[in-house]
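The next block holds one structure in the form of structure tokens; read it before the comments.
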Amino acid sequence: MANNELGKVRRSQAVMTYGPGAIIDFRVDNAPVSVVAAGLEQWDERAKPAGLHNPQKTFEYRLQRLLGVDGFRLPPVEPQREQWQESRYVPSLIGVRYPTWLQCPKCHRLKPAGNWAEDPGNPVLYCGPCSAAEGNRNVFVVPVRFIVACEHGHLDEFPWNMWVQHKDDCKGPELLLFSDGTSSGLSGLKLKCKTCGSMRSMDGCFSSDALKGLRCQGKRPWLASEPVQCPATPRVLQRGASNLYFPVVLSALDIPPWSDRMQREFGDHWARLCRIPDAATRIDRIQFLELHDKMGKTPEQINEIIETRSALLENATPENLKTDEYVQFTKPDFRSLDDDSEFEISEEEVPAELRHWVSRLVRATRLREVRAIRAFTRIKPPAGDTDTTRYCQIQTEPKNWLPAIEVRGEGIFVELDLAALAVWEQQREVQARAAQVNEAYRTDWFDRHGTPPPRTITPRLLLIHSFSHALIRQLALECGYSSASLRERLYVGHGSVEMAGLLIYTATPDSDGTLGGLVRQGRSGRFYSLVRNALQAMAWCSSDPLCIDSVQSLSEGLNLSACHSCQLLSETSCEEFNRLLDRAMLVGTPSSPGIGFFSDFMRQDQE
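Per the numbering used here, residue 39 is the first one in the sequence shown, and the count goes up by one each step.
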């Protein structure tokens, strides 16, 4: 495809929904154009300067250490600086036409992109004969909806010629794809060779063994590289299928000491300074960079800060990222000493009616989160850091940066009372419900990955996750944000730091992120009514009794009492893909009302 403008995507979409390797549909001059987003090499090619020399970048040092990079590139947007405008340079991202097979909606011909008519400087394709018959009104061809992918992330074209099974004497096959009107399903969609007369319906093409015997070709059209060896059997998917692209995204909150102005002054010098092995050379480098003038400290003091802070990064794991954040939220009398800090919180008094169940309430008036994409998977969602074999790369060669977005907003942190939680977790029926979900989780994990799961689903996780969803649904009614604008961050663990908390915060990078309505709901006087209303909404679902009896759930046992009417959110808001939910952990069931952690609160509130 020529270098033609296709359209625009939001900055956050370029890292999440439409990251490298994702298929994107555009409308250009009212014609459909389908492309696959190109890899990071094309970021350097079309959004110069390359790498971390580009001014559109950001840093989050804990996340950088975990991912092994020196910084993050923001998806390019057109700069406002006059000198860039004068040069007419507009940074952009690249999309490669995919699939390359297209169909004429009028004559039903099916051909590769190179066999259709096009106009110079325009990415759309059209059928020449049909356009001429229409009086030179272009009849645009459309991308086919059938593509081939494998679990290792490779993409290929649907094997049209193999599927139709041409006759042996077929010369110059000409394919047609049309509906014969006998059925609205795939059985009524026919693939026919006009040359030899062979015809076959598309029925059964989506079955897992439809392409049995056909080996994956290892093609990666989003990367400018040769195909790789792949032993997998490919599968047929729809071009817009939800399981065609799962970005592997890691995120971290900016917390002290990384959130202060001094750390921001380091910028991309931080990684290079940390790699200098001896203090004397590092101090010389600090003087050369004139960091001591910017920070108002001596080079020796700055060197000491580097040594102290770099030691904090030694054991960077996803679990430690959250543990460090939890410690900051639960610090007594935390106060930001830096007016420019990206982390500003204030502790609220827990309402007296909730003190038996909630031990800490914190309003986060200023938060910054960085979300970076490291890879993606197809067909099955990522399995965390325990199984990276199915991760598909977004770059040909490793780089010292990854794409990321930063989100600034506000939030509410809630910590449950550990003593009350310990008593509740000992109930046999509570443990039995958690064991039921855990067994379903183990079975699902083993079926997908062939190994035991890396964690155990506990009553605490089900409770805190379900409580988070209940609060988000209620906040959407009371604070003016849509539920899709809010995001959860769960803190659950029994490790070196026992965790039992949740953070609900704004999740969009636009102006909808800092209106103040969310933290206002975290004030002591408002929080009581928020929790009460949220729990009352969980006590009865419009799908009961099917929902409360776990009949309504479609998650194959990974949820119990949870459905779209009471617990489920948009998947962008949920850490667990809308799984591991059970509102009975909050309010109990009609037959066992006492198993809910907040059951006594509900009775107390009704008296």
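We put the CB at the ideal spot given by N, CA and C, even for glycine.
Whole-number beta carbon distance between residue 243 and residue 272, since they are thought to touch under 8 angstroms
About 12 angstroms separates the two Cβ atoms, so there is no contact after all.
Q. Going by the C-beta, is residue 130 closer than 7 angstroms to any heavy atom of the ligand NAD?
A. The ligand NAD is absent from the structure shown, which contains no ligands of any kind.
- Query: If residue 142 sits next to residue 182, beta carbons under 8 angstroms apart, how far is it from one beta carbon to the other, in whole angstroms?
  - Reply: In this structure residue 142 is not in contact with residue 182, their Cβ atoms being roughly 11 angstroms apart against a cut-off of 8 angstroms.
| message | Pairs of beta-carbons, one from the stretch 286-296 and one from the stretch 98-117, closer than 8 angstroms: are there three or more? | response | Contact between the stretch 286-296 and the stretch 98-117 is established, with three or more Cβ pairs separated by less than 8 angstroms.
| So what's residue 519 in DSSP terms, helix, strand or just coil? | Judged by DSSP in its simplified three-state form, residue 519 adopts coil rather than helix or strand.
Where residue 528 and residue 357 are concerned, what is the direct C-alpha to C-alpha distance, given to the nearest angstrom? Using only the alpha carbons, I get a separation of about 11 angstroms.
- In three-state DSSP terms, what is residue 384? The answer is strand: DSSP assigns residue 384 an E or B state.
For residue 95, which residues does DSSP report across the bridge? Under DSSP, residue 95 forms a beta bridge with 111.
Q: Following the continuous alpha helix (DSSP H) through residue 555, name the residue where it begins and the one where it ends.
A: 555-558 is the span of the alpha helix (DSSP H), which, as asked, contains residue 555.
- Item | Counterpart residues of residue 415 in DSSP-defined beta bridges | Paired residues: 284.
request  = Tell me whether residue 624 is buried or exposed, calling it buried when 16 or more other Cβ atoms sit within 10 Å of its Cβ.
outcome  = Buried, because 16 or more other Cβ atoms sit within 10 Å of the Cβ of residue 624.
Checklist entry - Cβ of residue 415 within 8 angstroms of Cβ of residue 191? => result Yes; because the gap between Cβ atoms is below 8 angstroms, this pair is in contact.
Residue 555 to residue 567, Cα distance in whole Å? C-alpha separation (whole angstroms): 15 angstroms.
May I have the straight-line CA-CA distance separating residue 237 from residue 144, to the nearest angstrom?
Approximately 19 angstroms, taken between the alpha carbons.
query: Hey, quick one: how far does the beta strand (DSSP E) through residue 529 stretch, first residue to last?
result: 524-532 is the extent of the beta strand (DSSP E) around residue 529.
Check your understanding: With DSSP run on the structure shown, which of helix, strand or coil describes residue 238?
Key -> In the three-state scheme derived from DSSP, where H, G and I count as helix and E and B as strand, residue 238 is classed as strand.
Return the CA-CA distance between residue 530 and residue 538, expressed in angstroms with no decimal places. Straight across, the Cα-Cα distance linking residue 530 with residue 538 is about 5 angstroms.
Would you decide whether residue 76 is buried or exposed? Buried here means 16 or more other CB atoms lie within 10 Å of its CB.
Buried is the call here.
According to DSSP, is residue 426 part of a helix, a strand, or is it coil? In this structure, residue 426 counts as coil in the three-state DSSP scheme.
**Asked** Out of 575, 574, 543, 573, which has the shortest C-alpha to C-alpha gap to residue 560?
**Response** Measuring from the Cα of residue 560, the nearest candidate turns out to be 543.
- Query: Ordered along the chain, which non-local residues of its own chain (more than five positions away) have a Cβ less than 6 angstroms from that of residue 85?
  - Reply: For residue 85, where only same-chain residues beyond five positions count, the Cβ hits under 6 angstroms are 114, 129.
Residue 442 bridges to which residues according to DSSP? Partner(s): 410.
query = How long is the line joining the alpha carbons of residue 519 and residue 513, rounded to whole angstroms?
reply = Going by the C-alpha atoms only, they are around 7 angstroms apart.
Q.
Which same chain residues end up closer than 8 angstroms to residue 494 when comparing Cβ atoms and leaving out the 5 residues on each side of it in sequence?
A. Excluding positions up to five away in sequence, the list reads 476.
Original post:
Can you tell me where the beta strand (DSSP E) with residue 70 in it begins and where it stops?
Top reply: Note, residue 70: beta strand (DSSP E), 69-75.
### Message
Beta-carbon within less than 7 angstroms of residue 189's beta-carbon, same chain only, minus the 5 sequence neighbours each way: which residues are those?
### Response
If the five residues before and after residue 189 are omitted, its C-beta is found closer than 7 angstroms to the C-beta atoms of 270, 416, 417, 418, 428, all from its own chain and listed in chain order.
Is there at least one Cβ from chain C nearer than 8 angstroms to residue 43's Cβ? This model lacks chain C altogether, as it is built from one protein chain only.
Are there 16 or more other CB atoms within 10 angstroms of the CB of residue 498, so buried, or fewer, so exposed? Buried, by the Cβ-count rule.
Taking only the alpha-carbon atoms, compute the straight-line gap between residue 549 and residue 203 and give it to the nearest angstrom.
Any answer about residue 549 is weak, because its pLDDT of 43 lies below 50 and its placement is not dependable; what the coordinates show is given next. Taking the straight line joining both Cα atoms gives about 55 angstroms.
Going by the DSSP bridge assignment, what does residue 106 pair with across the sheet? Checking the DSSP bridge columns, you'll see residue 106 has no partner listed.
Exercise for review: Between the Cα of residue 605 and those of 620, 595, 212, spot the shortest distance and give me the residue it belongs to.
Suggested key: For the options 620, 595, 212, the alpha carbon positioned closest to that of residue 605 is the one of 620.
**Study point:** From 532, 228, 186, 412, residue whose alpha carbon lies closest to that of residue 361
**Key:** Checked all of 532, 228, 186, 412; the closest Cα to residue 361 is 532.
Reduced DSSP category for residue 458 - H, G, I as helix; E, B as strand; rest coil | In this structure, residue 458 counts as helix in the three-state DSSP scheme.
Review point. If we ignore side chains and look at the alpha-carbon of each, how far apart do residue 612 and residue 426 end up?
Key: Those two C-alpha atoms are separated by around 22 angstroms.
### Task
Report back the beta-carbon spacing between residue 185 and residue 150 to the nearest angstrom; my notes put them in contact at under 8 angstroms.
Residue 185 to residue 150, Cβ: 14 angstroms. No contact.
inquiry  = I'd like the ranges of any beta strand (DSSP E) spanning at least 3 consecutive residues and lying wholly in the stretch 113-197.
reply    = List check, beta strand (DSSP E) in window: 133-135, 139-141, 147-150, 184-187, 193-195.
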